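Below you'll find the structure, written out as structure tokens, and then a few comments.
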Amino acid sequence: MNRKRISRIGKYVLVTMLLTAAPASGWAQRMIKVSGTVYNIADKKKKVPFSGSVVYVYSCKTVAAAKDLKNSLDKDNTNFALFMNEDERAETDANGYYEILVPDNGALVFKAGLNKAILEKVSNRMKIDVEVDDGIYLKEVVVTGELKQIQPEPKASRLIGNRLYPYNTFVVPKGEVNMYSRLIVQPYVLNCATNDTVAFLKPLVYDGKDYHLTQARWLGYDLKKDPLEPYIQSRPLVNERMVIEWRDTLTVPDPNVNYSCYADFCIENYHRIPFRKTYQINTCENKRPLKFLQYDLIALDMDFQKYPEKAQVEKFDTEDQVELSFEINSDRLTDDPKNQESLTGIRKKLNLILNEPGAMLKEFHVIGKASPEGYYQQNLQLAQKRMQRIQQEVVGVLPHAVAERVYQNPQAEVASWNEVAELLEKDSLMETAGFIRKVVRELPDQMNRQGQRIKASKDYRTVIVPYLERLRQVKYLCRYDIYREPTDKEVMAAYRRKGLDGMYTRYEYWKLLQLLKDSQEKEAVARKAYEESLSMKRPWVLAGNTLAKLYLEKDVTDTRILEPLIDRTIFTVNYERKNMDTGRTEIINPIEVVVNQLCMYIKAGDFENASVMAKLIPADYKEFDLVKAYAWAMGGYFQGGNTPEETQRAAETFRTICQSSVQNEAVMNLALETPQGNAQAEKVLEQMADESPVKWYLKAVTEARKGDVGLTEAALYLVRCFNLDQKMIVTAQNDGEFTKEIVETALEMYKNQ
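Just so we're aligned: the sequence shown equals residues 3 to 755 in this note's numbering.
See below:
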């Protein structure tokens with residue numbers, strides 16, 4: 003069979019049979035998309051995808067039509083197949099893979115070179131793999147196909163951080179356009195999870211050299227009114243085959259989902275639009291070269307002593323209380339040294355109150371007391387004398403102007419025998435106490451007779467009298483207001499009493515954020531303090547940073563917290579600026595705030611803003627080099643550069659991350675996507691532990707990049723990875739580094755091992 007005859011087999015199908023064949027069933031057929039792989043089983047030891055030449059796949063509406071088509075193809079009968087429909091045939095790609103639309107009760111016919119055609123009934127199957135014994139190899143046969151229209155193959159775009167790098171090559175066949183045509187390519191990005199349009203990219207516009215000339219001649223068209231004028235490329239459309247290399251960059255909102263890219267292709271001239279189609283130009287399987295980058299984020303607290311808050315004096319109600327003892331039947335104090343110390347202490351306290359600008363005496367009470375032995379009226383008079391004496395001695399030190407403003411309520415009283423019983427009970431003298439209580443019950447409201455009967459008891463002298471001495475006393479009570487700074491204990495007591503609903507001064511918040519140990523309590527207080535400061539248009543840096551730090555520690559993301567505390571027009575940290583209105587020096591962009599916001603942006607997947615934060619941190623803050631490098635790397639700034647400074651920073655970023663761990667060195671070299679980077683990654687991966695699933699995953703990536711040569715090894719490495727961590731299966735299925743064939747082969751080997 004000559005070369006031209008073989009070529010015709012590949013190019014044409016027997017369309018007449020496909021058009022005349024009618025469904026056998028009486029109801030409408032449902033079209034389904036069937037896909038699969040054609041395998042070459044010439045080598046009996048293993049089957050490999052059919053990649054040596056193209057296998058043609060034909061869609062037939064009925065099994066009968068498929069049988070007729072198979073017979074015709076087997077007889078090389080192609081004379082009446084010149085008017086085929088494109089949607090009724092497909093070709094396998096370089097990996098033997100195909101996709102085609104066919105009725106669910108129809109059939110497929112496969113034709114590979116000189117081999118007999120193979121018929122497969124669909125029977126509602128959506129995946130059909132076929133095996134072909136391609137034992138005949140004709141070196142002298144060269145099958146050449148020529149593209150008849152624009153039809154790009156979808157590629158796997160790169161996703162580094164939240165920057166998507168779509169790309170493709172568009173081939174415009176010869177004769178598709180001319181000097182009077184315009185080609186418009188409008189790419190747009192879709193979210194693969196929701197199918198929502200994320201953004202429209204910059205269009206490509208190519209004009210033939212006479213496209214605008216015709217417009218000007220016919221209608222005097224003004225090019226300045228053309229909305230596509232800014233996007234017109236300098237290269238003109240020609241009638242020859244054109245190859246357009248296209249790539250773009252887009253910042254996507256969520257780096258954790260997959261994105262695909264489509265493009266509307268339109269060829270127009272001044273009369274009509276002869277060609278308009280939409281193609282997928284980038285698949286949903288994005289390449290994420292940095293997804294296995296290892297990093298540790300930090301959360302910095304601020305030094306509260308560098309940002310002190312001045313305490314506001316508060317009003318506290320205070321009272322002091324002292325008891326003095328007297329001789330029996332007298333208003334003279336006993337010789338007990340405690341009496342004199344107490345009197346001296348009272349006078350000093352009053353003088354302190356008088357001399358303290360923040361204190362004010364409110365009340366002064368003296369309560370004289372006599373023991374119950376003897377006659378009640380005499381005892382009451384004695385209590386009054388004792389009270390008056392102490393009142394004169396103590397109040398006498400007060401200036402008249404102060405004394406007349408102080409509320410005084412002197413009192414005299416006689417202790418009851420029940421009070422004596424209480425003292426006895428405290429010392430466990432229950433029998434004597436019971437006797438006294440019995441007397442009081444039998445002689446109610448008759449203190450004189452109560453005293454006579456109790457005095458006649460045998461225990462009176464030895465047991466009861468010593469307790470009477472304790473009741474010969476004067477009580478002094480002084481109440482005053484004092485304005486002073488609250489102590490730590492008082493701040494905590496106020497918080498426990500009022501909780502989050504209470505009102506607190508900035509100083510009290512400042513204290514609470516240091517005193518509280520429970521992270522949830524501290525977070526709630528920090529949030530309340532920060533929200534109050536924002537409502538007053540005075541964002542408080544300590545509260546905001548404390549809240550952000552607590553969020554980072556529990557892996558919660560909110561980039562809005564610290565943004566009001568950062569001035570992006572000041573390109574450094576810890577910048578001191580004097581406020582012209584207040585005269586106070588303010589610290590702009592505290593290093594702790596900038597670093598925490600950098601980490602917050604990294605957690606949020608906003609690597610564009612993370613890179614901005616990294617630029618604010620000067621080079622002399624060496625302790626933050628790694629987190630800065632990670633932000634720049636995830637922003638895509640680890641290779642190349644438009645200026646010498648950017649090139650140097652990219653090199654330092656690459657080197658810093660490579661030095662952080664063996665895994666990171668392998669990841670960064672793979673991210674270069676160069677032969678040298680791939681080779682270096684292979685060497686570095688040998689240093690990783692065999693127990694690491696990431697090692698085998700990355701080794702599979704290096705093999706997959708070798709094309710068909712590395713297909714088998716890539717699948718084997720993926721199997722080792724899946725054995726260590728089966729969650730990696732989903733990762734591989736959504737990774738643009740691997741073809742479907744590699745992943746499916748690995749899964750089949752994994753399930754059958």
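Virtual Cβ for every residue (Gly too), placed ideally from N, Cα, C.
Just so it is clear, the structure is predicted and the values come from calculations on it, not from any experiment.
Problem set entry | Cα-Cα separation between residue 267 and residue 743, rounded to whole angstroms | Start at 1 with the first residue of the sequence shown, and residue 267 comes out as number 265. Start at 1 with the first residue of the sequence shown, and residue 743 comes out as number 741. Cα to Cα, residue 267 sits roughly 29 Å from residue 743.
For this session: Output yes or no for whether 8 Å exceeds the beta carbon distance between residue 108 and residue 136.
Result: In the sequence shown, residue 108 corresponds to position 106, counting from 1. In the sequence shown, residue 136 corresponds to position 134, counting from 1. Cβ atoms of residue 108 and residue 136: not closer than 8 Å.
Exercise. Mind checking residue 64: buried by the 16 CB within 10 Å criterion, or exposed?
Worked result: In the sequence shown, residue 64 corresponds to position 62, counting from 1. Residue 64 is buried by the Cβ-count criterion.
Exercise. Does the beta carbon of residue 380 come closer than 8 Å to any beta carbon on chain B?
Worked result: The chain inventory of the structure shown lacks chain B, comprising one protein chain alone.
For this session: With distances taken Cα to Cα, identify the nearest neighbour of residue 300 among 679, 749 and 629.
Result: In the sequence shown, the residue the question calls residue 300 occupies position 298. The candidate whose alpha carbon is nearest that of residue 300 is 629.
Problem set entry | Rounded C-alpha distance that separates residue 750 from residue 720 | Working through the sequence shown from its first residue, we reach residue 750 at position 748. Working through the sequence shown from its first residue, we reach residue 720 at position 718. Approximately 11 Å, taken between the alpha carbons.
Problem set entry | Assigned exposure category for residue 650 - 16 Cβ within 10 Å defines buried | To locate residue 650, count along the sequence shown from 1; it is residue 648. Classification of residue 650: exposed, given that the 10 Å Cβ count is below 16.
Problem set entry | For residue 263: DSSP bridge partner residues | Position 261 of the sequence shown holds residue 263. Residue 263 pairs with 191 and 284.
Exercise. Given residue 695, which residues of its chain have a CB within under 7 Å of its CB, disregarding the five upstream and five downstream residues?
Worked result: Translated into the one-based positions of the sequence shown, residue 695 becomes position 693. Closer than 7 Å at the Cβ level, and outside the excluded window around residue 695, lie 723, 726, 727 and 730.
Problem set entry | Residue interval of the beta strand (DSSP E) (run including residue 160) | Mapped onto the sequence shown, residue 160 falls at position 158. Residues 160-162.
Exercise. Would you call residue 209 buried or exposed, if buried means 16 or more other Cβ atoms sit within 10 Å of its Cβ?
Worked result: Position 207 of the sequence shown, counting from 1, holds the residue named residue 209. Its Cβ being crowded by 16 or more others within 10 Å, residue 209 is buried.
Exercise. Are residue 49 and residue 160 closer than 8 Å when you measure CB to CB?
Worked result: One-based indexing of the sequence shown puts residue 49 at position 47. One-based indexing of the sequence shown puts residue 160 at position 158. Cβ distance not < 8 Å, so residue 49 and residue 160 don't count as in contact.
For this session: Could you say which of 254, 293 and 229 lies nearest to residue 167 if we only look at CA atoms?
Result: The count along the sequence shown starts at 1 and reaches residue 167 at position 165. Nearest C-alpha to residue 167: 254.
Exercise. Which of the three DSSP states, helix, strand or coil, is assigned to residue 231?
Worked result: Here the question's residue 231 lines up with position 229 in the sequence shown. Helix.
For this session: Would you mind working out which of 227, 157, 259 and 190 sits nearest residue 732, comparing C-alpha positions?
Result: Residue 732 sits at position 730 when you count from the first residue of the sequence shown. If we check each option's Cα against that of residue 732, 259 comes out closest.
Exercise. Which residues share a DSSP beta bridge with residue 170?
Worked result: Within the sequence shown, the letter at position 168 stands for residue 170. According to DSSP, which records beta bridges pairwise, residue 170 is partnered with 248.
For this session: Would you check if the distance between the CB atom of residue 296 and the CB atom of residue 42 is smaller than 8 Å?
Result: On the sequence shown, position 294 is the one that residue 296 refers to. On the sequence shown, position 40 is the one that residue 42 refers to. Contact: no.
Exercise. From residue 2 to residue 637, what does the alpha carbon distance come to, in whole angstroms?
Worked result: The chain is shown from 3 up to 755; residue 2 falls before or after that span and cannot be answered.
Exercise. Can you find at least 3 beta carbon pairs, one from the region 449-462 and one from the region 413-422, that sit closer than 8 Å?
Worked result: yes
Problem set entry | Between the CA atoms of residue 693 and residue 668 - distance to the nearest angstrom | As a first step, residue 668 is located in the sequence shown; it is residue number 666 there, counting from the start. As a first step, residue 693 is located in the sequence shown; it is residue number 691 there, counting from the start. Looking at the two C-alpha atoms, the distance is approximately 16 Å.
Problem set entry | Nearest residue (CA-CA) to residue 409, options 439, 552 and 362 | Residue mapping note: residue 409 aligns to position 407 of the sequence shown, counting from 1. Among 439, 552 and 362, the Cα nearest to that of residue 409 belongs to 362.
Exercise. Buried or exposed: which applies to residue 488, given that a residue is buried once 16 or more other Cβ atoms fall within 10 Å of its Cβ?
Worked result: In the sequence shown, counting from the first residue as 1, residue 488 sits at position 486. Buried, since its Cβ has 16 or more Cβ neighbours within 10 Å.
Exercise. So is residue 746 buried or exposed if we call it buried at 16+ other beta carbons inside 10 Å?
Worked result: Residue mapping note: residue 746 aligns to position 744 of the sequence shown, counting from 1. Buried, because 16 or more other Cβ atoms sit within 10 Å of the Cβ of residue 746.
Exercise. Would you report the Cα separation of residue 620 and residue 269, rounded to the nearest angstrom?
Worked result: Along the sequence shown, one-based indexing puts residue 620 at 618. Along the sequence shown, one-based indexing puts residue 269 at 267. Going by the C-alpha atoms only, they are around 52 Å apart.
Exercise. Between residue 165 and residue 251, which are expected to be in contact by the criterion C-beta below 8 Å, what is the C-beta distance as a whole number of angstroms?
Worked result: Locating residue 165 in the sequence shown gives position 163, where the first residue counts as 1. Locating residue 251 in the sequence shown gives position 249, where the first residue counts as 1. That pair is a contact at about 6 Å.
Problem set entry | Collapsed DSSP secondary structure at residue 424 in the structure displayed | On the sequence shown, residue 424 is found 422 positions in, with the first residue counted as 1. In the structure shown, residue 424 sits in a helix (DSSP, three-state: H, G or I).
For this session: Pick out the complete alpha helix (DSSP H) segments inside the region 394-464, 4 residues or longer, and give them in chain order.
Result: 402-405, 419-428, 432-444 and 449-457
Exercise. Taking one C-beta from the region 31-40 and one from the region 114-131 each time, how about it: are there three or more such pairs within less than 8 Å?
Worked result: yes
Exercise. Given residue 580, which residues of its chain have a CB within under 8 Å of its CB, disregarding the five upstream and five downstream residues?
Worked result: As a first step, residue 580 must be located in the sequence shown, where it is residue number 578. The answer, listed in chain order, is 586, 587 and 588.
Exercise. Is residue 304 buried or exposed, if buried means 16 or more other CB atoms sit within 10 Å of its CB?
Worked result: Taking the sequence shown and counting its residues from 1, one reaches residue 304 at position 302. Label assigned to residue 304: buried.
For this session: Compute the distance between the beta-carbons of residue 283 and residue 97, then report whether it is under 8 Å.
Result: In the sequence shown, the residue the question calls residue 283 occupies position 281. In the sequence shown, the residue the question calls residue 97 occupies position 95. No; because the gap between Cβ atoms is not below 8 Å, this pair is not in contact.
Exercise. Rounded to a whole number of angstroms, what is the C-alpha to C-alpha distance between residue 644 and residue 308?
Worked result: Here residue 644 refers to the residue found at position 642 when the sequence shown is read from its first residue. Here residue 308 refers to the residue found at position 306 when the sequence shown is read from its first residue. Their backbone Cα atoms lie some 41 Å apart in a straight line.
For this session: For residue 471, name the three-state secondary structure that DSSP assigns.
Result: Position 469 of the sequence shown holds residue 471. Correct three-state label for residue 471: helix.
Exercise. So, do the region 515-535 and the region 489-503 have three or more beta carbon pairs nearer to each other than 8 Å?
Worked result: yes
Problem set entry | Residues bridged to residue 526 [DSSP beta-bridge criterion] | The count along the sequence shown starts at 1 and reaches residue 526 at position 524. Answer is none; residue 526 lacks a bridge partner.
Problem set entry | Endpoints, the beta strand (DSSP E) within which residue 716 is located | Counting from 1 along the sequence shown, the entry for residue 716 is found at position 714. Taken as a continuous stretch (DSSP letters only), residue 716 belongs to no beta strand (DSSP E), being part of the alpha helix (DSSP H) at 713-726.
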